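Written out below as structure tokens is the structure these notes cover.
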Amino acid sequence: MDVGWVSALVALAGAAVAAASVVVTVLEGRRMRRNTEFSVHRDLWWQRWSWVVERANSGDPHDHDAAAFMTHALTTRSWVTADDE
Numbered sequence: 024m025d026v027g028w029v030s031a032l033v034a035l036a037g038a039a040v041a042a043a044s045v046v047v048t049v050l051e052g053r054r055m056r057r058n059t060e061f062s063v064h065r066d067l068w069w070q071r072w073s074w075v076v077e078r079a080n081s082g083d084p085h086d087h088d089a090a091a092f093m094t095h096a097l098t099t100r101s102w103v104t105a106d107d108e
């Protein structure tokens, strides 16, 4: 084989590896973004329900009313998923 052909094949193989690397990086980025969104959603959900439980266990009747109101508000939001119910 000629040196020119070998160089062309090596360049072509390098381009294929680079293209595959870009695809893998994009797919991995999308996966990580979904996982991050899920983690943030779960963390916020936990914080909200912790607030409700604190108010529900309070000795103040006004806190009980606030907990009941917030429970209703949390369960009727459009962003509640089937896993949350």
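Numbering (the numbering used here), first residue to last: 24 to 108. Ideal Cβ placement from N, Cα and C applies to all residues, glycine included. Being a predicted model, the structure only gives us computed values, none of them experimental.
Counting the other CB atoms within 10 Å of its CB gives Arg53 a total below 16, which places it among the exposed residues. Here DSSP, grouped into helix, strand and coil, assigns Thr59 to helix. In this structure, Trp68 is the residue among Thr59, Gly27, Trp68, Trp74 with its C-alpha nearest to the C-alpha of Trp102. Residue environment: Arg56 is assigned as exposed (fewer than 16 neighbouring CB atoms within 10 Å of its CB, all protein chains considered).
Positions of the alpha helix (DSSP H) runs, each at least 4 residues long and wholly inside the segment 47 to 107, are given as 84 to 98 in order along the chain.
Only exposed fits Arg65, as fewer than 16 other CB atoms lie within 10 angstroms of its CB. Put simply, the backbone Cα of Thr94 is about 8 Å away from that of Trp72. With fewer than 16 other CB atoms across the displayed protein chains lying within 10 angstroms of its CB, Arg100 is exposed.
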